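Inspection log for the structure reproduced underneath, given as C-alpha cells.
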Amino acid sequence: EAGVVQSPRYKIIEKKQPVAFWCNPISGHNTLYWYLQNLGQGPELLIRYENEEAVDDSQLPKDRFSAERLKGVDSTLKIQPAELGDSAVYLCASSSGATEAQYFGPGTRLLVL
Amino acid sequence: GENVEQHPSTLSVQEGDSAVIKCTYSDSASNYFPWYKQELGKRPQLIIDIRSNVGEKKDQRIAVTLNKTAKHFSLHITETQPEDSAVYFCAASNWNNDMRFGAGTRLTVKP
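Protein sequence lines correspond, in order, to chains D and P. Add 2 to a position in the first sequence, counting from 1, and you land on the number used in my numbering. Add 608 to a position in the second sequence, counting from 1, and you land on the number used in my numbering.
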C-alpha cells in the first residue's frame, strides 16, 4: 500500500510569488494534516481536515495561506504571496481518525529567495 | 493548549549502550503519545506509540513508559546501533486530536 504522497519535493521561488503543494493521503484515511517544520524543530500543525471539512485551522496564517480538500481525498496548500520566512519543509500527514497514528509524507522543501 | 517539552536536545552514546529521551506534557486530557524518528532529509517515521490506559509498551529494542500522574513519558532504546542515529520527536494528543510535538532530540550512536 502506498504511503502519503507529496509533490513537489523541492521548490525554489522568489518572494511575493505564489506556490502550491499537493498531498495524496493513504487510501481510506479520512483525516489529513498539513504541518510546517522549520530546521531543527518539530512539526507544527497548520490545518487539519476531517474528510473535506477543515476542523482546525487556528494556526494557519489566513492572510497568505489557504488550503482545500474538495473531495475529501487529495489536498492542496497554497501560499500567496510567499515571504522569505516561509522557507521551511511542509509536511502532509494522514490518519484513519482522531487520536490514531499519523503517517507523514516526504514533505516539500520550500526555499523563498 | 498542549505544550510538550523534550530533553535532552542532543544525546551521544556508544554503540551498545542505552539511550533515554524524556518528554513532559501540560494537558492532563492528552491520551495518545507517539514517538517519531526522522533521519536527515526524510519524513518523520512512527516508531512506537502509547495510549493513556497503558503504562509501558515495548517493541524489540524500543520501549516507551508513561507516567500520567507526573505527565511525562520516555523513550528507551537498548543495545543502540549506528543506524539508530537520527532526530527523535515525542508528541502528545488529546481527544480532540490536537497534537503537539516536542522540539526533538538528536541522537548520535558512535561505533
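Heads up, the beta-carbon is just placed ideally off N, CA and C, and yes, glycines get one too. Predicted, not measured: the structure shown is a model, and the values here were computed from it.
DSSP places P/Pro642 within a strand segment (E or B) once states are collapsed to three. The C-alpha of P/Pro719 is placed about 43 Å away from the C-alpha of D/Thr78. For D/Gln43, at least one C-beta of chain P is nearer than 7 Å to its own C-beta. Counting C-beta atoms within 10 angstroms of its own C-beta, P/Ala694 has 16 or more neighbours from the protein chains shown and is therefore classed as buried. Straight across, the Cα-Cα distance linking D/Tyr105 with D/Leu113 is about 24 Å.
Between D/Gln82 and P/Gly609, the alpha-carbon positions lie close to 28 Å from each other.
Interface with chain P (7 Å Cβ-Cβ cutoff): D/Pro20 is excluded. Under the three-state reduction of DSSP, D/Asp58 is assigned to strand. When DSSP states are grouped into helix, strand and coil, D/Leu86 belongs to the helix group. Rounded to whole angstroms, P/Val612 and D/Gly99 show a C-alpha spacing of 22 Å.
Counting only Cβ-Cβ distances below 7 Å, D/Thr101 has contacts in chain P at Asn639, Tyr640, Ser701, Trp703 and Asn705, in chain order. In the DSSP assignment, D/Ala69 forms a beta bridge with D/Leu79.
Only Pro652, Leu654 and Asp657 from the region 652-676 of chain P bring a Cβ to less than 7 Å from some Cβ of chain D. Shown here, D/Glu102 sits in coil according to DSSP, grouped into three states, outside any helix or strand.
In the DSSP annotation of this structure, D/Asn40 is not part of any beta strand (DSSP E), being labelled neither H nor E. In this structure, DSSP gives P/Glu687 a state outside helix and strand, which the three-state scheme calls coil.
P/Pro616 counts as exposed, since fewer than 16 other C-beta atoms from the protein chains shown sit within 10 angstroms of its C-beta. For the region 22-33 of chain D, residues whose beta-carbon sits nearer than 9 Å to a beta-carbon of chain P comprise Thr33.
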